[in-house]
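As given, the protein sequences belong to chains P and X, one line each in that order. Heads up, the final residue of the first sequence is numbered 447 in our numbering, and it's a clean run with no missing numbers. Heads up, the final residue of the second sequence is numbered 274 in our numbering, and it's a clean run with no missing numbers.
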Amino acid sequence: MNIHEYQAKKIFKQFGINVPNGLVAYTPTEAKLAAETVSEFGPWVVKAQIQAGSRDIGKFSDKRAGRKGGIRLSKTLDEVYDNADEMLENLLVTNQTGARGRLVSRVYVEEYIKTIRKFYLGLVVDWVSASIVLLVAPVSDKDDDDIVQLAIESPETILKINLGLQKEIKSEQLKEIVSFMNMQIELSELKTFLNRMLKLFYTYDATLLEINPIGINKFGNIWALDAKIVFDENALYRHPEIQKLFDDSEIEERELIAAKYGFQYKELESGMGIIVNGDGVALNTINQAKNMGINTACFLNLKGGVDRDKISASIKLIMTNPRVDGIFINILGGFSRCNLIADGIITVADDLGLNIPLVARFEGTNKDEATDILKKSGLPLSIAEDTTQGLLLLKEAIAEDL
Amino acid sequence: MSVLIDKHTKVLVQGITGAQASFHVQRAIKYGTNIVAGVAPNKTETSYLGLPLFGTVKEAQEKTGATASIVFVPAKYAKSAILEAIRADLDLVVVITSGIPVRDMMEIKHELLNSSTTLIGPNTPGIITPEEAYMGIFPDNIHKSGHVGIISRSSTLTYEVVLEINKIGIGESTVVGLGDDFIIGTSFVDIIKKFNDDKDTKAIILIGGIGGNYETEAADFYAQLKAKKPTLALILDDPTPLSDNKGLAPEIICRGITSAADKKRILKQSGMIVVDNIQSLKDELARL
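Put into structure tokens, the structure is as follows:
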């Protein structure tokens, strides 16, 4: 689960990590007031709050926002007002938002902290070693994605330390970091900073903690100028206070409903809607369809779902999507049981009627029961033996239906 | 004949009394799996589904000689159940449970390093040696005995591959579902090793997952492996990004190799035959 920068910074502060004074604002007037409160003289930084990176080099889709990105240095209170005015209620497009961009519904107004050096700092779980890895890299004021390029082209410019399950940083690791950073900084300052980050990481079951950048001022103090935390969704039950920070507006409504039931829903283009029970079969169906000239509007992944009501409610999401012109249900049941999904289809079809073509393919656990249920239902649908046949049947049915 | 499991493997089931576990255990017994005991810490009965029921893994192991366990315990309690199985020194533990917190898996994985247990999963369909036995939740009517070993990071895609290769008369020695989660007990490398040493496995199919660095690790290992069996890697293109907000760090630790295209390139360099759809996989298999 992702949260906004201002929420992450509030958590940083609770753990004693230095963050600039800042306040959230929903209108330009609030932004100006916020600026007056956080710093007497400025300058200030006005930051668009969307849950995607590369905001500073992003572009707003509405021209009134000008050519500047979503992070703007403002020297006067009037500039704070204008920048907030331009960004609010506007769509910000970055290389992580997709072409549509994300609506900026709030900005974060911060005091500007003058620093002499900046670094990227990350804590992340490495899948293969099942360990926390600390990453440090110098950053320029340019594009932050440079770091990924560096990782590929000159990995030696990024310091990576595998911390295993260490709860505290060791002194030899501190020395390694300081020598890598090549600057004067008190070991104790760095140690306190890193240990607090680690404590936060463990306390809240984070899977990623990223500060891009940290800034070091002339007194050698470390500041988190940015903050990104990703929490493990499977561990949220241990942290109800974090669960509360979840922002609905960042996620599409159908995705949200599916997620509530523990399923995954994703919008693609327009065309067929597919209902599957796993990532692999979803990808395979979409790719095979593409090769046959069929586009996919959306897919619903029921994962290992075995609850009738949840399955029915989710199938509704696809059946009521106006961009869907045909439905392909492709289930390879192991844990999932085909008959429960067949029941779900019938429930929804009884409820809403079935006015677009539907093809079902069942394989695996309780396959025969599922096929029987659908055949007996008298619904106008086809049953396929495999993915290829299912897609062919659907293609024909859609062509006839148009 | 197979790797990890055959019809003689004595298996116990942790969390056997749950509804899903009961359903799948009965199917597995019918298939031929030698399930010898159930474990449920809060048990009130002494037998369940016709099997002796014990309160601890240790007791079940001592009384029945079980060497392997299937874990169906819900995510919240899975960590202690898995650690119990590892500490009892079972040879093999297969975890079906999905939704286990990442930190719990990190702790489990570190304990695993100092043990002799092979942990498969979590969030896996399990392991099946066709027409002999399986530990997991496989659709049992689709697998055929044969000479191809399958190792997969994608459960449902595995079933699709099995169905399709069976159509051209190819069966499997053993199918190992590694699990679809971030952190898994066993990665491709250990199973490639086992299949490479198994005299009845003539070729290996590796089915990749989305994101992460397991395929990169497999490529690094396969590249330096001597006397390697032909290995086909199936990597599907990913039309939707895994997440549009994943941060930079995952890319950095994966050396920028996270997309399907990156994985295909590095696996091909390692000497594997790389395909991006099941039809090509069948064509290449038929050619071997």
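All C-beta atoms, glycine included, are put in the ideal place defined by N, C-alpha and C.
Requested in this report: Pick out whichever of Glu441/P, Gly379/P, Ile374/P has its Cα sitting closest to the Cα of Leu419/P.
Outcome: Counting from 1 along the first sequence, the entry for residue 419/P is found at position 374. If we check each option's Cα against that of Leu419/P, Ile374/P comes out closest.
Query raised in the report: Among the residues of its own chain, which have a CB less than 6 Å from the CB of Tyr306/P, if the five just before and after it don't count?
Result: If you number the first sequence from 1, residue 306/P lands on position 261. For Tyr306/P, where only same-chain residues beyond five positions count, the Cβ hits under 6 Å are Lys355, Ser359.
Report task. Provide the residue(s) that pair with Ser33/X in DSSP beta bridges, ordered along the chain. Result -> Residue mapping note: residue 33/X aligns to position 47 of the second sequence, counting from 1. According to DSSP, Ser33/X bridges with Pro38/X.
Report task. Can you check the region 67 to 123 of chain X for any beta strand (DSSP E) of at least 3 residues that lies completely inside it and give the ranges in chain order? Result -> 78 to 81, 104 to 106, 112 to 115, 119 to 122
Query raised in the report: Per DSSP, Arg406/P is paired with what?
Result: Taking the first residue of the first sequence as position 1, residue 406/P is located at position 361. Arg406/P is bridged to Asn375/P, Ala429/P.
Query raised in the report: In chain order, what residues of the same chain have a beta carbon less than 8 Å from the beta carbon of Ile2/X, not counting five sequence neighbours either side?
Result: The residue given as residue 2/X occupies position 16 in the second sequence. So the list reads Ser8, Val11, Gly24, Val25, Ala26, Tyr34, Leu35, Leu37, Leu39, Phe58, once near-sequence residues are dropped.
Query - Interface positions of the region 380 to 410 of chain P facing chain X (Cβ-Cβ less than 7 Å), listed along the chain - result: Phe380, Glu408, Gly409, Thr410
Query raised in the report: From this set, Val404/P, Pro425/P, Lys440/P, Ala387/P, which residue's C-alpha is nearest Glu414/P's C-alpha?
Result: By 1-based counting over the first sequence, the position of residue 414/P is 369. Among Val404/P, Pro425/P, Lys440/P, Ala387/P, the Cα nearest to that of Glu414/P belongs to Ala387/P.
Query raised in the report: With a CB to CB cut of under 8 Å and the five nearest residues on each side skipped, what residues in its chain are close to Met228/P?
Result: For the purposes of this step, residue 228/P is taken as residue 183 along the first sequence, with counting starting at 1. Same-chain partners within the cutoff: Arg162, Ile261.
Report task. Compare the C-beta of Lys236/P against all C-beta atoms of chain X and say whether one is closer than 8 Å. Result -> For the purposes of this step, residue 236/P is taken as residue 191 along the first sequence, with counting starting at 1. Taking Cβ atoms only, chain X never reaches closer than 8 Å to Lys236/P, which makes this a no.
Query raised in the report: Of the residues that make up the region 247 to 258 of chain P, which ones have a beta carbon closer than 8 Å to any beta carbon in chain X?
Result: Tyr247, Asp250, Thr252, Leu253, Glu255, Asn257
Requested in this report: Could you tell me whether the region 128 to 135 of chain P touches the region 100 to 108 of chain P, using the rule of 3 or more Cβ pairs below 8 Å?
Outcome: yes
**Report entry** Range covered by the alpha helix (DSSP H) that runs through Cys383/P
**Finding:** Residue mapping note: residue 383/P aligns to position 338 of the first sequence, counting from 1. 383 to 397 is the extent of the alpha helix (DSSP H) around Cys383/P.
Query raised in the report: So, are the CB atoms of Glu300/P and Lys311/P less than 8 Å apart?
Result: By one-based count along the first sequence, residue 300/P stands at place 255. By one-based count along the first sequence, residue 311/P stands at place 266. Yes, they are a contact pair.
Requested in this report: Since I believe Leu426/P is in contact with Leu403/P (beta carbons under 8 Å), could you give me their beta-carbon distance rounded to a whole number of angstroms?
Outcome: Counting from one through the first sequence, the residue named residue 403/P turns up at place 358. Counting from one through the first sequence, the residue named residue 426/P turns up at place 381. The Cβ separation is near 4 Å, so the contact holds.
Query - Beta carbon of Leu100/P nearer than 8 Å to that of Ala93/P - result: The residue given as residue 100/P occupies position 55 in the first sequence. The residue given as residue 93/P occupies position 48 in the first sequence. The sequence as given places Arg at residue 100/P; Leu does not occur at that position. Contact flag set, yes.
Report task. To the nearest angstrom, report how far apart Phe291/P and Asn47/P are at their CA atoms. Result -> Numbered from 1 along the first sequence, position 246 holds the residue referred to as residue 291/P. Numbered from 1 along the first sequence, position 2 holds the residue referred to as residue 47/P. So the two alpha carbons sit approximately 7 Å from each other.
Requested in this report: Grab me the residues of Thr392/P's own chain with a C-beta within less than 7 Å of its C-beta, minus the 5 sequence neighbours each way, in chain order.
Outcome: If you number the first sequence from 1, residue 392/P lands on position 347. The answer, listed in chain order, is Ser357.
Query raised in the report: Per DSSP, Leu218/X is paired with what?
Result: Stepping through the second sequence from its first residue, residue 218/X is reached at position 232. DSSP, once it has assigned bridges, lists Ile191/X, Ile259/X as partnering Leu218/X.
Report task. Could you name the residues that DSSP lists as bridge partners for Lys205/P? Result -> Position 160 of the first sequence, counted from the start, is the residue given in the question as residue 205/P. BP columns for Lys205/P point to Leu180/P.
Query raised in the report: Hey, would you say Thr217/X sits closer than 8 Å to Leu192/X, going by beta carbons?
Result: For the purposes of this step, residue 217/X is taken as residue 231 along the second sequence, with counting starting at 1. For the purposes of this step, residue 192/X is taken as residue 206 along the second sequence, with counting starting at 1. In this structure, Leu192/X lies closer than 8 Å to Thr217/X by Cβ.
Requested in this report: Just mark Tyr17/X as buried or exposed, buried being the case when its beta carbon has 16 or more other beta carbons within 10 Å.
Outcome: Counting from 1 along the second sequence, the entry for residue 17/X is found at position 31. Buried, since its Cβ has 16 or more Cβ neighbours within 10 Å.
Query raised in the report: What residues in the region 67 to 91 of chain X have a beta carbon less than 7 Å from any beta carbon of chain P?
Result: Ser84, Gly85, Ile86, Pro87, Val88, Arg89, Met91
Query raised in the report: On the three-pair Cβ rule with 8 Å, is the region 111 to 124 of chain P touching the region 52 to 70 of chain P?
Result: no
Query raised in the report: DSSP on Leu(-2)/X, reduced to helix/strand/coil?
Result: Within the second sequence, numbered from 1, the residue matching residue -2/X stands at position 12. Strand.
Query - Exposed unless 16 or more other CB atoms sit within 10 angstroms - verdict on Leu235/P - result: Counting from 1 along the first sequence, the entry for residue 235/P is found at position 190. When all chains shown are included, Leu235/P counts as buried.
**Report entry** Residue environment, Met337/P, which counts as buried when at least 16 other CB atoms sit within 10 Å
**Finding:** As a working note, residue 337/P is residue 292 in the first sequence. Exposed, because fewer than 16 other Cβ atoms sit within 10 Å of the Cβ of Met337/P.
Query raised in the report: Got a sec, what are the start and stop residues for the alpha helix (DSSP H) Thr330/P sits in?
Result: In the first sequence, the residue the question calls residue 330/P occupies position 285. From DSSP, the alpha helix (DSSP H) with Thr330/P extends over 324 to 336.
Query raised in the report: Hey, is Thr432/P's beta-carbon within less than 8 Å of any beta-carbon in chain X?
Result: On the first sequence, residue 432/P is found 387 positions in, with the first residue counted as 1. Yes, its Cβ sits closer than 8 Å to a Cβ of chain X.
Report task. May I have a chain-ordered list of the beta strand (DSSP E) segments no shorter than 3 residues that lie completely inside the region 149 to 205 of chain X? Result -> 158 to 163, 189 to 193
Query raised in the report: Considering only the beta carbon of each residue, do Thr30/X and Pro60/X sit closer than 8 Å?
Result: One-based indexing of the second sequence puts residue 30/X at position 44. One-based indexing of the second sequence puts residue 60/X at position 74. Cβ distance not < 8 Å, so Thr30/X and Pro60/X don't count as in contact.
Requested in this report: For Lys311/P, write down the residues that DSSP places opposite it in a beta bridge.
Outcome: Within the first sequence, residue 311/P is the residue found at index 266, counting from 1. Phe344/P.
Query - Leu136/P vs Gly146/P beta-carbon contact at 8 Å - result: If you number the first sequence from 1, residue 136/P lands on position 91. If you number the first sequence from 1, residue 146/P lands on position 101. Yes, Cβ-Cβ distance for Leu136/P and Gly146/P is below 8 Å.
Requested in this report: Give the secondary structure of Tyr71/P by DSSP, where H, G and I count as helix, E and B as strand, and everything else as coil.
Outcome: The residue given as residue 71/P occupies position 26 in the first sequence. Coil, per DSSP.
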